[in-house]
Amino acid sequence: MNLVDSHCHLDHKQFGADIDTILCRAADAGINRMLTIGTGEGPQDLDCALKIAGQHANVFATVGIHPHDASKADARSFDWLRDLSREAKVLAVGEMGLDYHYDFSPREIQETVFRQQLDIAREAGKPVIIHTREAWDDTLRILREQWPGRTGILHCFTGNAQQALEAVDLGFYIGIGGVLTFPKSTELREAAQAVPIERLLLETDAPYLAPLPHRGKRNEPAFTALTAGKLAEVRGCSAEVIASQTSRNFDTLFHLPQRKSNGYTEVSDGDR
2 MNLVDSHCHL
12 DHKQFGADID
22 TILCRAADAG
32 INRMLTIGTG
42 EGPQDLDCAL
52 KIAGQHANVF
62 ATVGIHPHDA
72 SKADARSFDW
82 LRDLSREAKV
92 LAVGEMGLDY
102 HYDFSPREIQ
112 ETVFRQQLDI
122 AREAGKPVII
132 HTREAWDDTL
142 RILREQWPGR
152 TGILHCFTGN
162 AQQALEAVDL
172 GFYIGIGGVL
182 TFPKSTELRE
192 AAQAVPIERL
202 LLETDAPYLA
212 PLPHRGKRNE
222 PAFTALTAGK
232 LAEVRGCSAE
242 VIASQTSRNF
252 DTLFHLPQRK
262 SNGYTEVSDG
272 DR
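Heads up: the sequence shown is residues 2 to 273, going by our numbering.
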């Protein structure tokens, strides 16, 4: 199989000195492209993912200010973000959004910083990576107001089928990670079945949220294959179809060359 991990944090300290080993294991598992997220330790660390992507041909980057760090952002942060967003290996701006579970930053500041990043992404002509937790209504409201007709990824989606389809109607792709494999994730599995296969992406969010049987341990891009297998089971198709179509979706979203050598498979109506 040829797979894409559309969301991982390769700069995380849990990977540290064994990043090369992590990337080798990913390659052995069929992961041919990875998108590493450039939020780092906050606005002072926006180039963390770009540094890694610059060293590896199959790794791409984002740049963004996580809602947890929104209160740390200032004018210099946005100027730097604007400059970095124009780099060729930066495919998207984010992850950005709203997190009302922890409220590490005041909600009004989260919204202001979210909106400013949407403006920067629009200027750069890049999609966005959205983080939303316990803030669905406000997230959708802001996207409808400020991001109509544009696209991006609802990262680490854990909502229900109705919410997933709302996001698809707005033009978004749905990022499915290891939570899909958890026994109690019934609503998420229903959502993963309801979304058109052309709008699904696989992700790990590594080093977080490892799929079964590695739950509770450090996640890594190689485990994308486990989520692909579970998604295939949920949708009643082969893992090869899931790998092929989600890889194609990634390339389509980010306007990357479609690779003829990666085993893309045509998807029949029955697999949709």
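Built from N, CA and C at the ideal position, the CB exists for glycine as well. Computed from a predicted model, the values in this text were never measured in an experiment.
Taking only the alpha-carbon atoms, compute the straight-line gap between residue i and residue j and give it to the nearest angstrom.
| i | j | result |
| --- | --- | --- |
| Glu135 | Asp100 | 7 Å |
| Glu167 | Asp46 | 33 Å |
| Asp1 | Leu36 | Examination of residue 1 is not possible in this model, given that the chain is present from 2 through 273 alone. |
| Ala30 | Ala226 | 7 Å |
| Phe241 | Gly230 | The question names Phe, yet the displayed sequence has Glu at residue 241. Distance between the alpha carbons of Glu241 and Gly230: 9 Å. |
| Ala233 | Phe158 | 17 Å |
| Gly43 | Glu96 | 11 Å |
| Gly271 | Glu146 | Any reading at Gly271 must be qualified, since the residue scores a pLDDT of 39, below 50, and its modelled position is unreliable; the value itself is stated next. So the two alpha carbons sit approximately 36 Å from each other. |
| Met2 | Leu201 | 17 Å |
| Leu189 | Gly160 | 6 Å |
| Gly17 | Tyr209 | 15 Å |
| Thr266 | Ala58 | Legend: pLDDT at Thr266 = 39, less than 50; position of this residue unreliable, no value from coordinates given. |
| Leu93 | Ile110 | For the record, residue 93 in the displayed sequence is Ala; it is not Leu. Going from the Cα of Ala93 to the Cα of Ile110 covers about 22 Å. |
Terminal residues of the continuous alpha helix (DSSP H) containing residue i?
| i | result |
| --- | --- |
| Ile243 | Ala240 to Leu254 |
| Gly230 | Thr225 to Arg236 |
| Ala58 | Premise fails: Ala58 is in no alpha helix (DSSP H) and is neither H nor E. |
| Asp70 | Run containing Asp70: none; DSSP gives neither H nor E here. |
| Leu24 | Ile20 to Asp29 |
Which term fits residue i, buried or exposed, when burial requires 16 or more other beta carbons within 10 angstroms of its beta carbon?
| i | result |
| --- | --- |
| Arg103 | Position check: residue 103 holds Tyr in this sequence, whereas Arg was assumed. Tyr103 is exposed by the Cβ-count criterion. |
| Thr22 | exposed |
| Pro197 | exposed |
| Ala74 | buried |
| Asp12 | buried |
| Cys25 | exposed |
| Gln246 | buried |
| Asp70 | buried |
| Arg249 | buried |
| Trp212 | The sequence shown places Pro at residue 212, not Trp. It is buried - the Cβ of Pro212 has at least 16 other Cβ atoms within 10 Å. |
| His8 | buried |
| Gly150 | exposed |
Between the Cα of residue i and those of the options, spot the shortest distance and give me the residue it belongs to.
| i | options | result |
| --- | --- | --- |
| Asn220 | Arg249, Ala27, Arg151 and Glu199 | Ala27 |
| Gln259 | Ile121, Tyr209, Lys14 and Asn33 | Asn33 |
| Val1 | Phe183, Pro222 and His256 | It is not possible to answer for residue 1, since the shown part of the chain is limited to 2 through 273. |
| His67 | Ser106, Gly172 and Asn3 | Ser106 |
| Ile177 | Pro149, Ala207 and Gly150 | Ala207 |
| Pro169 | Gly179, Val180 and His156 | Per the sequence shown, the amino acid found at residue 169 is Val instead of Pro. Taking only the C-alpha atoms, the option nearest Val169 is His156. |
| Lys14 | Ala50, Val5 and Asp6 | Ala50 |
| Lys90 | Ala195, Ile38 and Ala192 | Ile38 |
| Leu144 | Phe224, Ile53, Phe173 and Arg216 | Phe173 |
| Gly1 | Leu254, His10 and His57 | The displayed coordinates of the chain run from 2 to 273. Any statement about residue 1 would go beyond what the structure contains. |
Looking at the secondary structure, which residues open and close the beta strand (DSSP E) in which residue i lies?
| i | result |
| --- | --- |
| Arg216 | Careful: Arg216 lies outside any beta strand (DSSP E) and carries neither H nor E. |
| Leu36 | Ile32 to Thr37 |
| Ile154 | Gly153 to Leu155 |
| Leu47 | That residue, Leu47, is in no beta strand (DSSP E); it is neither H nor E in DSSP. |
| His8 | Leu4 to Cys9 |
*Mind listing, in chain order, the continuous alpha helix (DSSP H) runs of no fewer than 4 residues lying wholly within the stretch 86-145?*
Those alpha helix (DSSP H) runs which fall completely within the stretch 86-145 and span 4+ residues are 108-125.
*4 or more residues per run - each alpha helix (DSSP H) lying fully within the stretch 157-226*: List check, alpha helix (DSSP H) in window: 162-170 and 187-195.
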